[in-house]
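Since the structure comes first, as structure tokens, the remarks are kept for the end.
Residue numbers (our numbering), protein chains in the order written: chain A, 14 to 153; chain B, 14 to 153; chain C, 14 to 153.
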């Protein structure tokens, strides 16, 4: 059994955002899967998806602090692809470090995440707009 | 055909560890799959999984050296989420850079890895405990 | 429905290369899948795969600039695994940051990528040779 759905995630400010529930609300079909995987894929190159801590909001803030230091906008002078600003090429770099998709096990109709895990949308642009995500579920 | 199994990987010291065989020993069902994929997913946010070199133990040591320099604990002063120590937030960061899962092709009942590839458990905490991994196999 | 194919990607110079079409030309079976996922897996530990911008070649050049600065070869003195040169351990590190595989949704016989997305082969070695990739498609 395979099902697929393109969902739109509302515009978020630059930073890391927990979107597990925003995805689940649009994925009621999940309850019909007893075992399988969900591939969650973002159709953009300046935002990304990752799995991280779902409880303390300061983790999301600290992630933003880290990635701004690891991929600093002050380095934009080394890059050519900066037409849209100093957050242009740095966003592409962050997107490849974090990745365009996460793949999550499904067990008994639910994402089989650890107690402390959630899905993050990582918005790397200052003004990123809404983001399109394709969820593909394969299972039985 | 889908099968799924939650396995426990024994506590490891902080660092990078080759766990291909520890997984395979708990995955005898693999021999029934002629073609497919295995998603190997760690249910934690301060340890991660990656694919890398399976022969020279110094690669695993050098990986630890690199990641400790790229995500230094001395930067913990910039973070808020440090209640559990200087290896708290840095572990979450490393986990997102490396990723919570790897997806590997299966061919003729075996992981179809390159000659030099193995599965690493990346333990980012000083005392991480045992780790839970969900393996989901989809194939024919 | 599952199909699997091992393809060889021609030797590329060190750097980031758009290989979407090189893969698609060897994957004509894709047209038979209405919904599913493709796992594209590289069988090497010093080259990697990622999804990024498909239009402006300077993105690929800027990626190479970034990763050479983030994982500098001048740091090879900190590593033990340097028998094959200063690009040896650094290539393994870059490979784990970027990842050995990408998983992409398939819709109506095509990769369901965003308008600006393409598949990159990231060649981290100075002389990497041709690279083997296993594509596994699961779908209906």
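Heads up, the beta-carbon is just placed ideally off N, CA and C, and yes, glycines get one too.
Applying a beta-carbon distance threshold of less than 8 Å, which residues of chain B neighbour residue i?
{"i": "residue 65 of chain A", "result": "58, 105, 108 and 109"}
{"i": "residue 28 of chain A", "result": "Here the premise fails: no neighbours, minimum Cβ distance about 14 Å."}
{"i": "residue 78 of chain A", "result": "91 and 92"}
At 7 Å on the CB atoms, spell out the chain C contacts of residue i, in chain order.
{"i": "residue 125 of chain B", "result": "147"}
{"i": "residue 93 of chain A", "result": "71, 74 and 75"}
{"i": "residue 153 of chain B", "result": "15"}
Buried or exposed for residue i, going by 16 or more other Cβ atoms inside 10 Å?
{"i": "residue 62 of chain A", "result": "buried"}
{"i": "residue 104 of chain A", "result": "buried"}
{"i": "residue 44 of chain A", "result": "exposed"}
{"i": "residue 111 of chain B", "result": "buried"}
{"i": "residue 54 of chain C", "result": "buried"}
{"i": "residue 58 of chain C", "result": "buried"}
{"i": "residue 126 of chain A", "result": "buried"}
{"i": "residue 25 of chain A", "result": "buried"}
{"i": "residue 14 of chain B", "result": "exposed"}
{"i": "residue 56 of chain C", "result": "buried"}
{"i": "residue 114 of chain B", "result": "buried"}
{"i": "residue 87 of chain A", "result": "exposed"}
Kindly indicate which residue of the options has the alpha-carbon position closest to the one of residue i.
{"i": "residue 21 of chain C", "options": "C:143, C:129 and C:29", "result": "C:143"}
{"i": "residue 106 of chain C", "options": "B:129, B:66 and B:94", "result": "B:66"}
{"i": "residue 91 of chain A", "options": "C:40, C:41, C:152 and C:77", "result": "C:77"}
{"i": "residue 17 of chain A", "options": "C:16, C:86, C:50 and C:18", "result": "C:50"}
{"i": "residue 64 of chain C", "options": "C:124, C:153 and C:152", "result": "C:124"}
{"i": "residue 150 of chain C", "options": "C:42, C:23, C:27 and C:94", "result": "C:42"}
{"i": "residue 100 of chain C", "options": "C:148, C:60, C:115 and C:128", "result": "C:60"}
{"i": "residue 147 of chain C", "options": "B:147, B:116 and B:40", "result": "B:116"}
{"i": "residue 38 of chain C", "options": "C:47, C:48, C:102 and C:19", "result": "C:19"}
{"i": "residue 97 of chain B", "options": "A:86, A:141, A:102 and A:69", "result": "A:69"}
{"i": "residue 27 of chain A", "options": "A:108, A:94 and A:152", "result": "A:108"}
{"i": "residue 153 of chain A", "options": "A:48, A:36, A:40 and A:23", "result": "A:48"}
{"i": "residue 129 of chain C", "options": "A:46, A:145 and A:52", "result": "A:145"}
Below 8 Å on C-beta distance, what does residue i contact in chain A?
{"i": "residue 99 of chain B", "result": "None at all; the shortest Cβ gap to chain A is about 13 Å."}
{"i": "residue 116 of chain C", "result": "52, 54, 114 and 116"}
Cβ closer than 7 Å: which chain B residues qualify as neighbours of residue i?
{"i": "residue 39 of chain C", "result": "Residues of chain B passing the Cβ test: none, with the nearest at roughly 15 Å."}
Could you work out which residues of chain C lie near residue i, taking near to mean beta carbons separated by less than 8 Å?
{"i": "residue 48 of chain A", "result": "In chain order: nothing, as chain C lies at least about 14 Å away."}
Give the interface partners of residue i over in chain C, defined as CB-CB distance under 9 Å, in chain order.
{"i": "residue 120 of chain B", "result": "17, 19, 147 and 149"}
{"i": "residue 132 of chain B", "result": "Ordered by position in chain C, no residue passes the 9 Å Cβ test against residue 132 of chain B, which lies about 10 Å from the chain."}
Return yes when the C-beta of residue i is under 8 Å from any heavy atom of the ligand SAM, and no when it is not.
{"i": "residue 127 of chain B", "result": "No copy of the ligand SAM appears in this structure; indeed no ligand is present at all."}
Please list, in chain order, the chain B residues whose beta carbon lies closer than 9 Å to that of residue i.
{"i": "residue 140 of chain C", "result": "The contacting residues do not exist; residue 140 of chain C stays about 16 Å from chain B at best."}
Discussion item. Any contact between the region 124-134 of chain A and the region 131-140 of chain C? By contact I mean 3 or more CB pairs, one from each, below 8 Å.
Written reply: no
Discussion item. Please give me, in chain order, every unbroken run of the beta strand (DSSP E) with length at least 3 that falls completely inside the region 45-122 of chain B.
Written reply: 48-55, 60-66 and 114-120
Worksheet entry | Sufficient close CB pairs (3 or more, under 8 Å) joining the region 21-32 of chain B to the region 66-77 of chain A | no
Worksheet item: Any contact of the region 117-131 of chain B with the region 78-88 of chain B, i.e. 3+ C-beta pairs under 8 Å?
Response: no
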